[in-house]
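**Q**
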Amino acid sequence: MKKIYTWAAAQAVKKLDPRQQMKNPVMFVVYVGAIMSTVLCFVHSGVPLWFTIAVTVFLWLTLLFANFAEAVAEGRGKAQADSLKQAKKDVTAYKISAPEDVAKKKFVEVASSDLKKGDMVYVPSGVQIPADGDVIEGAASVDESAITGESAPVIRESGGDRSAVTGGTTVVSDYLVIRVTSENGKSFLDKMIAMVEGTQRKKTPNEIGLQIFLITLTIIFLTVTITLIPFTDFSSVLAGQGEPLSAVIVIALLICLAPTTIGALISAIGIAGMSRLTKENVIAMSGRAIEAAGDVDVLLLDKTGTITLGNRRASDFLPVDGVTEKQLADAAQLASLADETAEGRSIVILAKEKFNLRERQFRQSEVKFVDFSAQTRMSGIDYRGDVIRKGAADTMKKFVTENGGNYPQQCENIVADIARSGGTPLVVVKNNQVMGVVYLKDIVKNGVQEKFSDMRKMGIKTIMITGDNPLTAAAIAAEAGVDDFLAEATPENKMNLIKEYQEKGHLVAMTGDGTNDAPALAQADVAMAMNTGTQAAKEAGNMIDLDSSPTKLLQVVQIGKQLLMTRGALTTFSIANDIAKYFAVIPVLFFGIYPELGQLNIMGLGSPLTAILSAVIYNAVIIVALIPLALKGVAYQEKPASQILRHNLLVYGVGGIVAPFIFIKLIDLLLSAIIL
Numbered sequence: 006m007k008k009i010y011t012w013a014a015a016q017a018v019k020k021l022d023p024r025q026q027m028k029n030p031v032m033f034v035v036y037v038g039a040i041m042s043t044v045l046c047f048v049h050s051g052v053p054l055w056f057t058i059a060v061t062v063f064l065w066l067t068l069l070f071a072n073f074a075e076a077v078a079e080g081r082g083k084a085q086a087d088s089l090k091q092a093k094k095d096v097t098a099y100k101i102s103a104p105e106d107v108a109k110k111k112f113v114e115v116a117s118s119d120l121k122k123g124d125m126v127y128v129p130s131g132v133q134i135p136a137d138g139d140v141i142e143g144a145a146s147v148d149e150s151a152i153t154g155e156s157a158p159v160i161r162e163s164g165g166d167r168s169a170v171t172g173g174t175t176v177v178s179d180y181l182v183i184r185v186t187s188e189n190g191k192s193f194l195d196k197m198i199a200m201v202e203g204t205q206r207k208k209t210p211n212e213i214g215l216q217i218f219l220i221t222l223t224i225i226f227l228t229v230t231i232t233l234i235p236f237t238d239f240s241s242v243l244a245g246q247g248e249p250l251s252a253v254i255v256i257a258l259l260i261c262l263a264p265t266t267i268g269a270l271i272s273a274i275g276i277a278g279m280s281r282l283t284k285e286n287v288i289a290m291s292g293r294a295i296e297a298a299g300d301v302d303v304l305l306l307d308k309t310g311t312i313t314l315g316n317r318r319a320s321d322f323l324p325v326d327g328v329t330e331k332q333l334a335d336a337a338q339l340a341s342l343a344d345e346t347a348e349g350r351s352i353v354i355l356a357k358e359k360f361n362l363r364e365r366q367f368r369q370s371e372v373k374f375v376d377f378s379a380q381t382r383m384s385g386i387d388y389r390g391d392v393i394r395k396g397a398a399d400t401m402k403k404f405v406t407e408n409g410g411n412y413p414q415q416c417e418n419i420v421a422d423i424a425r426s427g428g429t430p431l432v433v434v435k436n437n438q439v440m441g442v443v444y445l446k447d448i449v450k451n452g453v454q455e456k457f458s459d460m461r462k463m464g465i466k467t468i469m470i471t472g473d474n475p476l477t478a479a480a481i482a483a484e485a486g487v488d489d490f491l492a493e494a495t496p497e498n499k500m501n502l503i504k505e506y507q508e509k510g511h512l513v514a515m516t517g518d519g520t521n522d523a524p525a526l527a528q529a530d531v532a533m534a535m536n537t538g539t540q541a542a543k544e545a546g547n548m549i550d551l552d553s554s555p556t557k558l559l560q561v562v563q564i565g566k567q568l569l570m571t572r573g574a575l576t577t578f579s580i581a582n583d584i585a586k587y588f589a590v591i592p593v594l595f596f597g598i599y600p601e602l603g604q605l606n607i608m609g610l611g612s613p614l615t616a617i618l619s620a621v622i623y624n625a626v627i628i629v630a631l632i633p634l635a636l637k638g639v640a641y642q643e644k645p646a647s648q649i650l651r652h653n654l655l656v657y658g659v660g661g662i663v664a665p666f667i668f669i670k671l672i673d674l675l676l677s678a679i680i681l
């Protein structure tokens, strides 16, 4: 942290460049005021020189503190950007013309910076992937620790939803042939570095709206303070006592009354929100995405991996009449021996645990394994004349009836009961005779009910998306505690569901990783794509989760809401501060002309000079005091917006009014003692 603070201090001075200051209109007013006050140090302005110098010093400190707050927020992302830059280096790429060139060893060595979109490259084991791309041939373990921080390698292979690879990662086994999908300088790594450093951070709609409001307030105060010089000049002559306000006092008064506190911290709050997201290993492609996450009121969540553990497990063997449970377990285990999925392995293990059925050793000549395919939707084994298959109920019913067999009503009843309980039925058939059903159970993650309950308290509706049939989907939805579900989901009805909610005025968030998720991701207001997903999904999303954890969407929503809560709380505090400073300082400035106003000097401030200087000092110091809150964010509360508003008004509104009275009085006492 010391290194970040040192860097931020230097940046605070560099940010005094007028071009930088003009980006924040409220602080630009302070900048102009500080310059004018500096000039007045060399011109007689009707007030003591020490007062002019003191005001000038604290106006410049106000600017430096505001710049420092922004720089500290930026510095937090600088360390990660530096490590990403190390991963982004020019390496040698083995360019090929066609995948078959790999076997012929026909490679052309080129620099990775010379690769263009559409080029094909061969990446052997131990070599860094030169550019973003899609795997078109091969399967390999890839070390993505340079980007995700996770040391365990991941599998990348052609086809499916795990075919996307990122430049800067390293192949650690086998080889890959990839097709480059990004131009030089526009890779995922380039985008990450730009977003982490903040060079691509654009003001969000809410931030722009707040800034317009702050500018309006500043213009009002500017208009009022400018008229004070001729007004007090006229009033002092008319009253025959007192003196008109000097230019230095008017400048100081303007800075005190303008919303400089939130104006100084508004950029830091936005950058810190993005930094908190980065710490969770989520890269936002725009600041608007984080802000929208805070406004989201509908969450679309995949069942598998988000609500359930992702791997269904065999929990029971349910035979039909005339078949024993052990016979069914034996047939199911045989059909699952070549099934390397988690479900297949769980069937083998359950048969072993319940009936001590061990995996058998086969001679290659006596066995033929039938792998699962999307077309057949079944798998199995041909063994010693027996034909054993297992698969989805509708598939197996069609298989049995087409081969002249009988599909018993009892099996249909068992399948329906399993579906109603939220499980997945797999029907086992041996020699065209239905043996029974394997009950695969989805395991709902611990704690998800509580999370969804918290979301409900905040006014967020949760919708589970699943490819399961409606009966199974309804059972899982009830167990998990989601508000609604979409069963037998397809890319089209996912997108239509999002559109339907958006047309009703809702903001929708969802996660996805496959090409079939891309249309819905592109439609959603907050779309978090998985880093393990396809290039199409990444391009459609406005956030990318480097850890590829679907549940991360809940944390993203919390971070977005915390960002909005922090901005709202500090805006409330800043405006309350201005109100308090107005009533604390204004009466003291005018009781020389109108002595009766001295009765409004409820704080008993010593003199107009100490009063205004106390306010200027407080105005500068309060920015420093609030930097930790702006960076860390206010405490996250899972409450409706109306309750959060009441809490902000009570804590930050009342606190913003009380604090200036206390600290301006203490500073005034100290200044009065020093002057005396």
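In the numbering used here, each residue's number is its place in the sequence shown (first place is 1) plus 5. Where a beta carbon is used, it is the ideal one built from N, C-alpha and C, also for glycine.
1. For my contact list, LEU476 and ALA424 are in at a C-beta cut-off of 8 Å; report their separation, rounded to the angstrom.
2. Excluding the 5 residues flanking TYR180 on each side, which residues of the same chain have their C-beta closer than 8 Å to its C-beta?
3. Quick one: what does DSSP say VAL48 is sitting in, helix, strand or coil?
4. How should THR204 be labelled, buried or exposed, when 16 other C-beta atoms within 10 angstroms of its C-beta is the threshold for buried?
5. Could you tell me which residues DSSP pairs with ALA532 in its beta bridges?
6. Please tell me whether GLU484 and GLY427 are closer than 8 Å, where the distance is taken between their beta carbons.
7. Buried or exposed, going by whether 16 or more other CB atoms sit within 10 Å of the CB of ASN408?
8. Based on the DSSP secondary-structure assignment, which residues constitute the bridge partners of GLN133?
9. Ignore the nearest five residues each way along the sequence and tell me which others in GLY538's own chain have a CB closer than 8 Å to its CB.
10. Mark ALA334 as exposed unless 16 or more other C-beta atoms lie within 10 angstroms of its C-beta, in which case mark it buried.
11. Need the endpoints of the alpha helix (DSSP H) that PRO496 sits in, please.
12. Should the region 332 to 346 be called in touch with the region 298 to 308, which here means at least 3 C-beta pairs below 8 Å?
13. Looking only at its own chain, which residues have a Cβ that is under 6 Å from the Cβ of ALA277, when we skip the five neighbours before and after it?
14. State the DSSP-derived secondary structure class of ILE481, mapped to helix, strand or coil.
15. CB LEU602 to CB ILE617, shorter than 8 Å?
16. State whether the region 42 to 57 contacts the region 101 to 117, with contact taken as three or more CB pairs (one from each stretch) at a distance under 8 Å.
17. Closest to VAL663 by CA distance: which of ALA585, VAL590, SER677 is it?
18. Between the region 35 to 44 and the region 225 to 234, do at least 3 Cβ pairs fall closer than 8 Å?
19. Helix, strand or coil, according to DSSP, for THR237 in the structure here?
20. Assign ASN436 to buried or exposed, taking buried as 16 or more other Cβ atoms, counted over all protein chains shown, within 10 Å of its Cβ.
21. Across which residues does DSSP place GLU371 in a beta bridge pair?
22. How would you label PHE239, buried or exposed, when you count the other beta carbons within 10 angstroms and need 16 or more for buried?
23. If you drop the 5 nearest sequence neighbours on each side, which residues of the same chain put their C-beta closer than 6 Å to that of ARG394?
24. For ASP139, which of helix, strand or coil comes out of DSSP?
25. On the DSSP bridge list, what partners appear for LYS100?
26. What do you reckon, are the CB atoms on ALA98 and SER117 nearer than 8 Å?
27. For my contact list, VAL325 and GLY441 are in at a C-beta cut-off of 8 Å; report their separation, rounded to the angstrom.
28. With distances taken Cα to Cα, identify the nearest neighbour of ARG161 among ALA646, ARG651, GLN540, ASN582.
29. Could you tell me how far apart the beta carbons of VAL35 and LEU227 are, in whole angstroms, since I believe they sit closer than 8 Å?
30. Leaving out the 5 sequence neighbours to the left and right, which residues in its chain are closer than 8 Å to SER251 when beta-carbon positions are compared?
31. Do GLU505 and the ligand ZN come close, with the Cβ less than 7 Å from some heavy atom?
32. Can you tell me whether ASP95 is buried or exposed, with buried defined as 16 or more other CB within 10 angstroms of its CB?
33. Taking Cβ positions, are ASN536 and ILE260 nearer each other than 8 Å?
34. Check whether the Cβ atoms of GLY589 and PHE668 sit closer than 8 Å, and answer yes or no.
35. Between which two residues does the alpha helix (DSSP H) containing PHE595 stretch?
36. Whose C-beta lies closer than 8 Å to the C-beta of VAL659 among residues of the same chain, with five residues either side of it excluded?
**A** Short version:
1. On the sequence shown, residue 476 is found 471 positions in, with the first residue counted as 1. On the sequence shown, residue 424 is found 419 positions in, with the first residue counted as 1. Confirmed, about 4 Å.
2. In the sequence shown, counting from the first residue as 1, residue 180 sits at position 175. Closer than 8 Å at the Cβ level, and outside the excluded window around TYR180, lie VAL107, TYR127, VAL128, PRO129, SER130, GLY143, ALA145.
3. As a working mapping, residue 48 is identified with position 43 in the sequence shown. In the structure shown, VAL48 sits in coil (DSSP, three-state: anything other than H, G, I, E or B).
4. For this step, residue 204 is matched to residue 199 along the sequence shown. Note that THR204 scores 42 on pLDDT, short of 50, meaning its location in the model is unreliable and no value can be drawn from it.
5. By 1-based counting over the sequence shown, the position of residue 532 is 527. The partner list for ALA532 (beta bridge, DSSP) reads MET515.
6. Residue numbering aside, residue 484 sits at position 479 when the sequence shown is read from its first letter. Residue numbering aside, residue 427 sits at position 422 when the sequence shown is read from its first letter. In this structure, GLY427 lies closer than 8 Å to GLU484 by Cβ.
7. If you number the sequence shown from 1, residue 408 lands on position 403. That one is exposed.
8. Sequence index remark: in the sequence shown, residue 133 carries index 128 (1-based). Per DSSP, THR175.
9. The count along the sequence shown starts at 1 and reaches residue 538 at position 533. So the list reads ASP166, ARG167, ALA169, GLY517, ASP518, GLY519, ASP522, SER553, once near-sequence residues are dropped.
10. Within the sequence shown, residue 334 is the residue found at index 329, counting from 1. Buried is the call here.
11. Residue mapping note: residue 496 aligns to position 491 of the sequence shown, counting from 1. Element bounds for PRO496: 496 to 508.
12. no
13. As a position in the sequence shown, residue 277 is number 272, starting the count at 1. For ALA277, where only same-chain residues beyond five positions count, the Cβ hits under 6 Å are ALA78, LEU636.
14. Taking the first residue of the sequence shown as 1, we reach residue 481 at position 476. In this structure, ILE481 counts as helix in the three-state DSSP scheme.
15. In the sequence shown, residue 602 corresponds to position 597, counting from 1. In the sequence shown, residue 617 corresponds to position 612, counting from 1. For LEU602 and ILE617, no; Cβs fall outside 8 Å.
16. no
17. As a position in the sequence shown, residue 663 is number 658, starting the count at 1. Closest option to VAL663, Cα to Cα, is ALA585.
18. no
19. In the sequence shown, the residue the question calls residue 237 occupies position 232. Three-state result, THR237: helix.
20. The residue you call residue 436 lines up with position 431 of the sequence shown. ASN436 is exposed by the Cβ-count criterion.
21. Within the sequence shown, residue 371 is the residue found at index 366, counting from 1. For GLU371, which the question treats as bridged, DSSP gives no partner whatsoever.
22. Residue numbering aside, residue 239 sits at position 234 when the sequence shown is read from its first letter. Burial call: exposed.
23. One-based indexing of the sequence shown puts residue 394 at position 389. Excluding sequence neighbours, ARG394 sits near MET383, GLY385, VAL434.
24. The residue you call residue 139 lines up with position 134 of the sequence shown. The answer is strand: DSSP assigns ASP139 an E or B state.
25. Numbered from 1 along the sequence shown, position 95 holds the residue referred to as residue 100. In the DSSP output, where bridge partners are listed per residue, LYS100 has VAL113, VAL126.
26. Residue numbering aside, residue 98 sits at position 93 when the sequence shown is read from its first letter. Residue numbering aside, residue 117 sits at position 112 when the sequence shown is read from its first letter. Yes, Cβ-Cβ distance for ALA98 and SER117 is below 8 Å.
27. Within the sequence shown, the letter at position 320 stands for residue 325. Within the sequence shown, the letter at position 436 stands for residue 441. Between GLY441 and VAL325 the Cβ distance is about 5 Å, and since that is below 8 Å, they are a contact.
28. For this step, residue 161 is matched to residue 156 along the sequence shown. Closest by alpha carbon: GLN540.
29. Against the sequence shown, residue 35 aligns to sequence position 30. Against the sequence shown, residue 227 aligns to sequence position 222. The pair is not a contact, with the Cβ atoms about 12 Å apart (cut-off 8 Å).
30. As a first step, residue 251 is located in the sequence shown; it is residue number 246 there, counting from the start. These residues qualify, in order along the chain: SER50, GLY51, VAL52.
31. Of the ligands one can find in the structure shown there are none, so the ligand ZN has no counterpart to examine.
32. Locating residue 95 in the sequence shown gives position 90, where the first residue counts as 1. When all chains shown are included, ASP95 counts as exposed.
33. As a working mapping, residue 536 is identified with position 531 in the sequence shown. As a working mapping, residue 260 is identified with position 255 in the sequence shown. Cβ atoms of ASN536 and ILE260: not closer than 8 Å.
34. Reading the sequence shown from its first residue, position 584 is the one you call residue 589. Reading the sequence shown from its first residue, position 663 is the one you call residue 668. The sequence shown places Ala at residue 589, rather than the Gly named in the question. Not in contact: ALA589 and PHE668 (Cβ atoms no closer than 8 Å).
35. As a working note, residue 595 is residue 590 in the sequence shown. Counting along the chain, the alpha helix (DSSP H) containing PHE595 begins and ends at 557 to 595.
36. Your numbering for residue 659 matches position 654 in the sequence shown. Answer for VAL659: ALA581, listed in chain order.
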